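A.B. asks: Chains A and B, in that order, are what the protein sequence lines are. At position 211 of the first sequence (counting the first as 1) the number is 210 in numbering that gives the first Met the number 0, and the numbers step up by one without a gap. At position 529 of the second sequence (counting the first as 1) the number is 528 in numbering that gives the first Met the number 0, and the numbers step up by one without a gap.
Protein chains: 2
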Amino acid sequence: MTYKTPIKDIRFALENVAGFGALEETGAFEDLSDDLVEAILEEMGRFCDEIIAPLNVESDKHGAALVDGVVRATPGFKEAYAQYVEGGWNALACPVDFGGQDLPTTLAVVLIDALNAACMSFAIGTSLTTGAVKALKAAATDEQKALYLEKLVSGEWTGTMNLTESQAGSDLSDIKTKAEPMGDGRYRITGQKIYITYGDHDLTENIVHLVLARLPDAPEGTAGISMFVVPKYRVNDDGSIGEPNDVQCVGLEEKLGLHGSPTCTMAFGDSGDCYGTLLGEENKGLRNMFIMMNSARLDVGMQGVGVAERSFQHALAYAQERRQGRKPGVKTGKQVPIYEHPDVRRMLYAMKSLVEASRGICYANAVAYDLARTASDDGKRKEASALEGLLTPISKAWSTDRANEIASIGVQVLGGMGYVEEGGAAQFMRDARIAAIYEGTNGIQAIDLVGRKLQGDGGAAAKRFIEMARDTAQQAASQDRDQIRSIGARLAAAADQLEASTNWLLEAGLEDQEHLLAAATPYLKQFGNVAGGCYLARGALAAAAAIDAGAGDKAYLQSKIGIADFYADNYLSESEALTTAVTAGASKLAVIDPELLSQ
Amino acid sequence: MTYKTPIKDIRFALENVAGFGALEETGAFEDLSDDLVEAILEEMGRFCDEIIAPLNVESDKHGAALVDGVVRATPGFKEAYAQYVEGGWNALACPVDFGGQDLPTTLAVVLIDALNAACMSFAIGTSLTTGAVKALKAAATDEQKALYLEKLVSGEWTGTMNLTESQAGSDLSDIKTKAEPMGDGRYRITGQKIYITYGDHDLTENIVHLVLARLPDAPEGTAGISMFVVPKYRVNDDGSIGEPNDVQCVGLEEKLGLHGSPTCTMAFGDSGDCYGTLLGEENKGLRNMFIMMNSARLDVGMQGVGVAERSFQHALAYAQERRQGRKPGVKTGKQVPIYEHPDVRRMLYAMKSLVEASRGICYANAVAYDLARTASDDGKRKEASALEGLLTPISKAWSTDRANEIASIGVQVLGGMGYVEEGGAAQFMRDARIAAIYEGTNGIQAIDLVGRKLQGDGGAAAKRFIEMARDTAQQAASQDRDQIRSIGARLAAAADQLEASTNWLLEAGLEDQEHLLAAATPYLKQFGNVAGGCYLARGALAAAAAIDAGAGDKAYLQSKIGIADFYADNYLSESEALTTAVTAGASKLAVIDPELLSQ
Numbered sequence: 000m001t002y003k004t005p006i007k008d009i010r011f012a013l014e015n016v017a018g019f020g021a022l023e024e025t026g027a028f029e030d031l032s033d034d035l036v037e038a039i040l041e042e043m044g045r046f047c048d049e050i051i052a053p054l055n056v057e058s059d060k061h062g063a064a065l066v067d068g069v070v071r072a073t074p075g076f077k078e079a080y081a082q083y084v085e086g087g088w089n090a091l092a093c094p095v096d097f098g099g100q101d102l103p104t105t106l107a108v109v110l111i112d113a114l115n116a117a118c119m120s121f122a123i124g125t126s127l128t129t130g131a132v133k134a135l136k137a138a139a140t141d142e143q144k145a146l147y148l149e150k151l152v153s154g155e156w157t158g159t160m161n162l163t164e165s166q167a168g169s170d171l172s173d174i175k176t177k178a179e180p181m182g183d184g185r186y187r188i189t190g191q192k193i194y195i196t197y198g199d200h201d202l203t204e205n206i207v208h209l210v211l212a213r214l215p216d217a218p219e220g221t222a223g224i225s226m227f228v229v230p231k232y233r234v235n236d237d238g239s240i241g242e243p244n245d246v247q248c249v250g251l252e253e254k255l256g257l258h259g260s261p262t263c264t265m266a267f268g269d270s271g272d273c274y275g276t277l278l279g280e281e282n283k284g285l286r287n288m289f290i291m292m293n294s295a296r297l298d299v300g301m302q303g304v305g306v307a308e309r310s311f312q313h314a315l316a317y318a319q320e321r322r323q324g325r326k327p328g329v330k331t332g333k334q335v336p337i338y339e340h341p342d343v344r345r346m347l348y349a350m351k352s353l354v355e356a357s358r359g360i361c362y363a364n365a366v367a368y369d370l371a372r373t374a375s376d377d378g379k380r381k382e383a384s385a386l387e388g389l390l391t392p393i394s395k396a397w398s399t400d401r402a403n404e405i406a407s408i409g410v411q412v413l414g415g416m417g418y419v420e421e422g423g424a425a426q427f428m429r430d431a432r433i434a435a436i437y438e439g440t441n442g443i444q445a446i447d448l449v450g451r452k453l454q455g456d457g458g459a460a461a462k463r464f465i466e467m468a469r470d471t472a473q474q475a476a477s478q479d480r481d482q483i484r485s486i487g488a489r490l491a492a493a494a495d496q497l498e499a500s501t502n503w504l505l506e507a508g509l510e511d512q513e514h515l516l517a518a519a520t521p522y523l524k525q526f527g528n529v530a531g532g533c534y535l536a537r538g539a540l541a542a543a544a545a546i547d548a549g550a551g552d553k554a555y556l557q558s559k560i561g562i563a564d565f566y567a568d569n570y571l572s573e574s575e576a577l578t579t580a581v582t583a584g585a586s587k588l589a590v591i592d593p594e595l596l597s598q
Numbered sequence: 000m001t002y003k004t005p006i007k008d009i010r011f012a013l014e015n016v017a018g019f020g021a022l023e024e025t026g027a028f029e030d031l032s033d034d035l036v037e038a039i040l041e042e043m044g045r046f047c048d049e050i051i052a053p054l055n056v057e058s059d060k061h062g063a064a065l066v067d068g069v070v071r072a073t074p075g076f077k078e079a080y081a082q083y084v085e086g087g088w089n090a091l092a093c094p095v096d097f098g099g100q101d102l103p104t105t106l107a108v109v110l111i112d113a114l115n116a117a118c119m120s121f122a123i124g125t126s127l128t129t130g131a132v133k134a135l136k137a138a139a140t141d142e143q144k145a146l147y148l149e150k151l152v153s154g155e156w157t158g159t160m161n162l163t164e165s166q167a168g169s170d171l172s173d174i175k176t177k178a179e180p181m182g183d184g185r186y187r188i189t190g191q192k193i194y195i196t197y198g199d200h201d202l203t204e205n206i207v208h209l210v211l212a213r214l215p216d217a218p219e220g221t222a223g224i225s226m227f228v229v230p231k232y233r234v235n236d237d238g239s240i241g242e243p244n245d246v247q248c249v250g251l252e253e254k255l256g257l258h259g260s261p262t263c264t265m266a267f268g269d270s271g272d273c274y275g276t277l278l279g280e281e282n283k284g285l286r287n288m289f290i291m292m293n294s295a296r297l298d299v300g301m302q303g304v305g306v307a308e309r310s311f312q313h314a315l316a317y318a319q320e321r322r323q324g325r326k327p328g329v330k331t332g333k334q335v336p337i338y339e340h341p342d343v344r345r346m347l348y349a350m351k352s353l354v355e356a357s358r359g360i361c362y363a364n365a366v367a368y369d370l371a372r373t374a375s376d377d378g379k380r381k382e383a384s385a386l387e388g389l390l391t392p393i394s395k396a397w398s399t400d401r402a403n404e405i406a407s408i409g410v411q412v413l414g415g416m417g418y419v420e421e422g423g424a425a426q427f428m429r430d431a432r433i434a435a436i437y438e439g440t441n442g443i444q445a446i447d448l449v450g451r452k453l454q455g456d457g458g459a460a461a462k463r464f465i466e467m468a469r470d471t472a473q474q475a476a477s478q479d480r481d482q483i484r485s486i487g488a489r490l491a492a493a494a495d496q497l498e499a500s501t502n503w504l505l506e507a508g509l510e511d512q513e514h515l516l517a518a519a520t521p522y523l524k525q526f527g528n529v530a531g532g533c534y535l536a537r538g539a540l541a542a543a544a545a546i547d548a549g550a551g552d553k554a555y556l557q558s559k560i561g562i563a564d565f566y567a568d569n570y571l572s573e574s575e576a577l578t579t580a581v582t583a584g585a586s587k588l589a590v591i592d593p594e595l596l597s598q
């Protein structure tokens, strides 16, 4: 099955759903224009379709391999990565001072969407590099910037995040990796990290590890963690590559999917000869980490959308080709494509509507990210920043939970062929499954939402969002198309339920934190459902306006309304049940002795 | 992680949820007693825990292999299968005339639960054999019975279902395999079948294939399909094994999971030398197939429950062992087991409550199956038969959809270790995924429910079920425990919504079949949700009564109430949204040109 980057859908989501136009208005992006965006999207599509997508099956069959202590990439990755660098794709939203193009991060996020659809295990490495660029830009000394940034911006070198240790995963407070000051600005690093994505590979001549470690006598817990820049090969003052830095990949995980992406166990300083430099302040390593992490969380949400889009296209193509059964009452004659069966269409419309809803959330999140940094006045920047903060855990968790659901439906559409690896759908399900886990599990995202994001500002951002959803619902309810009125009614009802949950959490959470922790996951699901419905409703309203104005492809625009309507019936309708789950309270999750649970 | 058959839970579900006691009352099962059941369950647990469960990881790593035209089973399977036969497990519910024990099918279904939890890829082969016994018992000539039944009852030989061809999967009407009468009672079989579970293996010395094929000049479509008994080795009149029968496994599928279960492409008569005998009447092959298939559908639902139970136990054990993070506000000191975190408990209670709900449905389905054949009066038999028919697609589809969900949560509980194959959780997710596909996809089950089962009797059985759920709800609502009153209220509300969906479907379906086809999947989900909630509520009522009577383990009984309560808040609450999805109507699934859906 051939994959094609859905440029028209992406463009539609940018313009009519996520409000990308606001970025042109800020004036902060000098060269930004419709023509430039169009050109980038077209070229991006060509690159992903022709260069990256053909690697996907190979990446699954011949994944990264550890050979004589060095990780070898999937055949073809190295050449494709060179083209990625050469095309300037890595530099899209990177600082112009270091060779970047300083375009909106939103466009880089769109690239993540398309790259992950083309080949997730190729794509995820690139996000880590741009995350490292952000951390270095924010916290590095001029010297560090001079040594590393240009190469990371271009992608000539890649970056990593070295956080997890076997005893310190979701909770980093127990990190044990040590950093000992040498007195000459260098720190000797010793320790082992696990689950390091693209921790080693042969795509580039150097790798820049950002490593969390403890200084001697650092306070216990997260207040004693610092971040270090630790290159695979030392870098000479003139930027040339020096000696190896005693950093080794000592193991690769055998994973459910993403075989093309090396997941490394990294040993730092096994021979006592690994050195790094401090990034930012002592004991403030988590601050830098969150710079990377927040952007990585949106990126991971986008990964979910990408692989879900691919799964959808795969299932849709199969449903058009595979013939089985006939219309009710017809016993003979040629079998019909299974797309003709309503139950199969239900699966495909479910996939499509969830892809578009999650794409809408992630793109809107990206636009908020850019506006938070570039909007013309302070009030707008603050508002955008609050929206960005609110949407980030939702982009990450809701999109990836839905991606798992979508990819599993994708298997179902293919029936027996879905369960057979040759059918291709199973790979998307296996690959997608990681995204709900890494960069903070989806449970942790949900706790971030109810804690830092909701309680943090007393619910202000959440309530603004609910009002925005209500406005959209009112606009829809006043239209003369039945479908759009129905969307409006369902969105209004769902927003009311979300408000009920929000108010309950704000009150109950003051009384007992356990209520927040117990309700986190259904609340995030409910918020994502409403947000997705709100963004789809905006798209439907824009589509209706375009149809009325006689602009654009009417059948295409009508399909946007149809998909939003399907979503409203099937997912906005879940809101009330989720309020029930949210407001059930912590007592419903009181500890049952685990020994009683399976006897 | 060690697996342990949950004998106490199974016993609780049999007695307090599924109404197993009614089978003792029929008098049809002479030897049946509480003591016998207890002894069987204990021995079953020992067999599954000690002999079968240890094979599970090996079955994934070293699956069935095609070597020189013969399928070799996972190392250890052959010895374990011999013990399965020797223990008389295959014969549990088989006819006493052919060496069986004539115990209730419900007990055989319980065995499927436990065997699939222990090792799904080992277990699924056994269901096919007992399915073949049912078909032969119903339709075979005395000669056929004499040749095959005893060996199939004991399990010395295994049986298969040979239905699918590449162009005839969900729709069997296009089957092309040919059967040519030889005039001596034999038929020459030629054709190729795909996706044949345990089509070949080296566990037994013979395999009895039940094959769908067409006689010359048979009518087109499903009215021209006959069934044939085609042994791998011909059987001499004295029952001894004769010449090979020109039946070959010509390929094994490489699957997402279930590696221990050979999924074969079977070639019949490639050398023109394959012979079988007709089973039952000419052109009535589908009738026999449905005998096997109906029982197989409940079996597959039970497979889902089994693998979900295993996934739950695995996740629960991990959550008790793995330490990460601390209680809110606590910064230092020892990390707590992740079971202490409410969000992790949410995942585990979700898994547990869905396992118990689906187990309740499947066991109740099995009891209905037995009562339909053994209840003392005709009215009761008919009522049980209608309930069995109604519950069969729900057991199959709801349990397996939920099993996929459960197994995916099981991966999530383990976090990064869930995504790594070494962690063990991923296998359950991969293995479970087939159950929603084979024996009729879950979409086909849903269509069976709204069509044959709902429209077929004008909704009589469905309405009886809804009344039963209401009765249970009323009993619960009148209790003095808050939790049980809450369960009662949620069950009553969910049943009302199910009734609304049911009435709408009965009306709308008369007008236009497309409404039924479009609504099938959400209707089945809604029905399953209510049925699961109803059976859990029964369990909770029984637990409360036992606590009040001072009988049994109070903490254990209390956990049953807690889990039922959790289910009610989180799953019964979905009923209203599902009514919205059901009653949205076929227009919401009107054909959108697929070319528009991804551009």
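Even glycine gets a Cβ: it sits at the ideal position worked out from N, Cα and C. Nothing here was measured: the structure is a model prediction, and the numbers come from that model.
Please report how far the alpha carbon of isoleucine 560 of chain B lies from the alpha carbon of alanine 543 of chain B, in whole angstroms.
C.D. replies: For isoleucine 560 of chain B and alanine 543 of chain B, the distance between alpha carbons rounds to 8 angstroms.
A.B. asks: For valine 36 of chain A, report the span of its beta strand (DSSP E) as first-last.
C.D. replies: It is not in any beta strand (DSSP E) - valine 36 of chain A instead sits in the alpha helix (DSSP H) that spans 33-46.
A.B. asks: Report buried or exposed for aspartate 59 of chain B, applying the criterion of at least 16 other Cβ atoms within 10 angstroms of its Cβ.
C.D. replies: Buried, since its Cβ has 16 or more Cβ neighbours within 10 Å.
A.B. asks: Compare the C-beta of arginine 296 of chain B against all C-beta atoms of chain A and say whether one is closer than 8 angstroms.
C.D. replies: False, the Cβ-Cβ gap to chain A never drops below 8 angstroms.
A.B. asks: Say whether chain B places a C-beta atom closer than 8 angstroms to the C-beta of asparagine 403 of chain A.
C.D. replies: Yes - at least one Cβ of chain B is within 8 angstroms of the one on asparagine 403 of chain A.
A.B. asks: Could you check what DSSP says for glutamine 323 of chain A in three-state terms: helix, strand or coil?
C.D. replies: Looking at glutamine 323 of chain A - three-state DSSP - the assignment turns out to be coil, as it is neither helix nor strand.
A.B. asks: Counting Cβ pairs, one atom from each stretch, are 3 or more of them under 8 angstroms apart for the stretch 565-582 of chain B and the stretch 493-501 of chain B?
C.D. replies: Yes: at least three Cβ pairs fall under 8 angstroms.
A.B. asks: Is any beta-carbon of chain B found at less than 8 angstroms from that of serine 558 of chain A?
C.D. replies: It does; some Cβ of chain B falls within 8 angstroms.
A.B. asks: What three-state label does DSSP hand serine 225 of chain B in the structure shown?
C.D. replies: The answer is strand: DSSP assigns serine 225 of chain B an E or B state.
A.B. asks: Taking the DSSP output, what are the residues bridged to isoleucine 240 of chain B?
C.D. replies: Paired residue(s): B/Val234.
A.B. asks: So for leucine 202 of chain B, helix, strand or coil by DSSP?
C.D. replies: The answer is coil: DSSP assigns leucine 202 of chain B none of H, G, I, E or B.
A.B. asks: When you compare each of B/Ser407, B/Glu37 and B/Gln598 to asparagine 7 of chain B by their alpha carbons, which one comes out closest?
C.D. replies: Note that residue 7 of chain B corresponds to lysine in the displayed sequence, not to asparagine. The shortest Cα separation from lysine 7 of chain B among B/Ser407, B/Glu37 and B/Gln598 belongs to B/Glu37.
A.B. asks: Since alanine 295 of chain B sits in a beta bridge, which residues does DSSP pair it with?
C.D. replies: Answer by DSSP bridge pairing: none, since alanine 295 of chain B is not bridged.
A.B. asks: Among the residues of its own chain, which have a CB less than 8 angstroms from the CB of tyrosine 570 of chain B, if the five just before and after it don't count?
C.D. replies: Same-chain partners within the cutoff: Ser352, Leu353, Ala356, Asn528, Gly531 and Gly532.
A.B. asks: Can you tell which of A/Gly184, A/Gly487, A/Asn161 and A/Tyr83 has the C-alpha that lies nearest to the C-alpha of glutamine 143 of chain A?
C.D. replies: Answer by Cα proximity: A/Gly184.
A.B. asks: Using CA coordinates, which residue listed in B/Ile224, B/Arg309 and B/Lys231 is at the minimum distance from leucine 277 of chain B?
C.D. replies: When only C-alpha atoms are compared, the closest one is B/Ile224.
A.B. asks: So glycine 487 of chain B and alanine 536 of chain B are supposed to be a Cβ contact under 8 angstroms. How far apart are they, rounded?
C.D. replies: Indeed, because the Cβ distance is near 7 angstroms, the residues count as touching under 8 angstroms.
A.B. asks: Does leucine 596 of chain A have its Cβ less than 8 angstroms from a Cβ in chain B?
C.D. replies: It does; some Cβ of chain B falls within 8 angstroms.
A.B. asks: Compile a chain-ordered list of the residues in the stretch 418-436 of chain B whose CB is closer than 8 angstroms to at least one CB of chain A.
C.D. replies: Taking 8 angstroms as the Cβ-Cβ cut-off against chain A, the residues of the stretch 418-436 of chain B that qualify are Tyr418, Val419, Glu420, Glu421, Ala425, Met428, Arg429, Arg432, Ile433, Ala435 and Ile436.
A.B. asks: Who are the Cβ neighbours of phenylalanine 311 of chain B in its own chain at under 8 angstroms, not counting the five residues just before and after it?
C.D. replies: The residues are Leu347, Met350, Lys351, Val354, Ile405 and Gly409.
A.B. asks: Along the chain, where does the alpha helix (DSSP H) containing asparagine 403 of chain B start, and where does it finish?
C.D. replies: Unbroken alpha helix (DSSP H) run through asparagine 403 of chain B: 377-412.
A.B. asks: Kindly list, in the order they appear in chain A, the residues whose Cβ is closer than 7 angstroms to that of isoleucine 591 of chain B.
C.D. replies: Near isoleucine 591 of chain B (Cβ distances below 7 angstroms), the residues of chain A are Ser558 and Gly561.
A.B. asks: CB-CB under 7 angstroms to glycine 238 of chain A, same chain, minus the five flanking residues each way: which ones, in chain order?
C.D. replies: Correct list, in chain order: Leu146.
A.B. asks: Please classify alanine 435 of chain A: does DSSP put it in a helix, a strand, or coil?
C.D. replies: Alanine 435 of chain A: helix per DSSP, three-state reduction.
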